[in-house]
Amino acid sequence: MLAGRTDTDDFFETLLRRLITDAVIGGITHGNSRDDRLVIRLRQYDKRARLERLSSQTRQVIASALRLLGEEPEVVRA
Numbered sequence: 098m099l100a101g102r103t104d105t106d107d108f109f110e111t112l113l114r115r116l117i118t119d120a121v122i123g124g125i126t127h128g129n130s131r132d133d134r135l136v137i138r139l140r141q142y143d144k145r146a147r148l149e150r151l152s153s154q155t156r157q158v159i160a161s162a163l164r165l166l167g168e169e170p171e172v173v174r175a
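Every letter in the sequence shown is one number past the one before it in this note's numbering, and letter 4, counting from 1, is 101.
See below:
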């Protein structure tokens, strides 16, 4: 955990990862492997995760979700 981050941040990231996972699995389970609204939302989450410096685990969940939906995550060089 980064200095200055609280358990609330960890709880938020845990909830965010669960939300993303459930949304993608739910879509795939119901035969909707391509949901443009979900892809747009994931791209927004990805940008925000980088801005807020969320954990690499959270950013990896977002990238994996995009890949499962047939999208390539945006590559950002630091």
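Every residue gets a Cβ at the ideal spot worked out from N, C-alpha and C, and that includes glycine.
Quick caveat, the model's predicted, so the values are computed rather than measured.
In whole angstroms, what is the alpha-carbon distance linking residue i and residue j?
i	j	result
I179	L116	This structure does not reach residue 179, given that the chain is present from 98 up to 175, and the question cannot be answered.
D133	G167	11 Å
E110	I125	23 Å
R147	F108	18 Å
E169	R140	10 Å
V172	D143	10 Å
If we count the other Cβ atoms within 10 Å of its Cβ and call it buried at 16 or more, is residue i buried or exposed?
i	result
I137	exposed
D119	exposed
L112	exposed
Contained alpha helix (DSSP H) runs [length at least 4] in the region 114 to 174, N- to C-terminal order | You should have 133 to 148 and 153 to 165.
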